[in-house]
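Below you'll find the structure, written out as structure tokens, and then a few comments.
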Ligand code: FPP
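Residue numbers (our numbering): 49 to 299.
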């Protein structure tokens, strides 16, 4: 999905002289929409709708703060197993979000990127998705990376298949397989690994999100439900990250 030659440069973390500073790549597991709705005796879809407002707020805050890449886990491979009405409501919300944010993304120099299986989305969502990808392709301010029909295991499976195919057809040797080659064949190829993973609604799990890529990411789990999450708490978490000591397995 990243055919633009300037993509590599934009998606690579700038070198810093000291300290961990702000995270370059923030990845978020947006959880708790259903519980937010249930607490108010509302349909789960109302929770997703409110969740869309939070998405808008966090995208804007990230851009203002100078985040390089914001990855949002919007729809997992497992989410296809939800009731049909909920899946189609989520697709509808996604389509409306993309359509309504096209102008904002252009104005704020945000480039849209997608990881996962966009080809599994319905035709009307794909249409607006590819339109937005094309429209924002030259933007260089921030990458908004949407995980759509994304699963970490699916990501690894498609990577293995692609590499195996290249070996069979003689394009690469088995000896050429190293960590970089693997990273280059994941959906996130050319994107720096997440520095910080945030999960809302208090669950202590990764839920098949970016399994390879988060090997050394810092984690922050907040009890706040996604529709109640906002800029103020997001900034607090970014400041908490600034005080972390990242050792990457070294002393
Ligand atoms: C998890 O909450 C959330 C999702 C499965 C979907 C996330 C979608 C949004 C935030 C809507 C808008 C997104 C975009 C990109 C416009 P849950 O339903 O699992 O909540 P629960 O665990 O409380 O039931």
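Just so it is clear, CB atoms sit at the ideal spot from N, CA and C, and this is done for glycine as well.
- Where residue 190 is concerned, the enclosing beta strand (DSSP E) starts and stops at 190–198.
- In the three-state scheme derived from DSSP, where H, G and I count as helix and E and B as strand, residue 264 is classed as coil.
- Pairing residue 94 with residue 189, the inter-Cα distance amounts to about 32 Å.
- A distance of 9 Å or more separates the beta carbons of residue 281 and residue 269.
- Closer than 8 Å to some heavy atom of ligand 1: that does not describe the Cβ of residue 177.
- Comparing alpha-carbon positions, the option among 290, 201 and 147 lying closest to residue 165 turns out to be 201.
- Under the 8 Å Cβ criterion, the segment 182–196 does not count as touching the segment 206–217, having fewer than three qualifying pairs.
- Short note on residue 96: C-beta closer than 8 Å to some heavy atom of ligand 1.
- With fewer than three CB-CB distances shorter than 8 Å, the segment 270–289 does not count as touching the segment 137–150.
- Within the same chain, 95, 273 and 275 come within 6 Å of residue 84 by CB-CB distance, once the 5 residues on both sides are set aside.
- Beta-bridge annotation (DSSP): residue 204 is not paired with any residue.
- A distance criterion of 8 Å places the beta-carbon of residue 86 in contact range of ligand 1, judged by its closest non-hydrogen atom.
- Assigned with DSSP and collapsed to three states, residue 59 falls in coil, not helix or strand.
- A Cβ-Cβ separation of about 7 Å places residue 204 in contact with residue 259 under the 8 Å criterion.
- With fewer than 16 other Cβ atoms inside 10 Å of its own Cβ, residue 210 counts as exposed.
- At a Cβ-Cβ threshold of 9 Å, residue 76 and residue 106 count as neighbours.
- When the five nearest sequence neighbours on each side are left out, the beta carbons in the same chain lying within less than 6 Å of the beta carbon of residue 294 are those of 68, in order along the chain.
- Taking non-hydrogen atoms of ligand 1 into account, the C-beta of residue 103 is found less than 8 Å away from one of them.
- Closest option to residue 131, judged by alpha-carbon separation, among 244, 199, 92 and 160: 92.
- Residue 124 has 198 as its beta-bridge partners, per DSSP.
- For residue 96, the enclosing alpha helix (DSSP H) has its first and last residue at 92–113.
- Residue range 171–183 is occupied by the alpha helix (DSSP H) that includes residue 183, with no beta strand (DSSP E) assigned at that position.
- When the Cα atoms are used, residue 97 and residue 298 turn out to be separated by approximately 43 Å.
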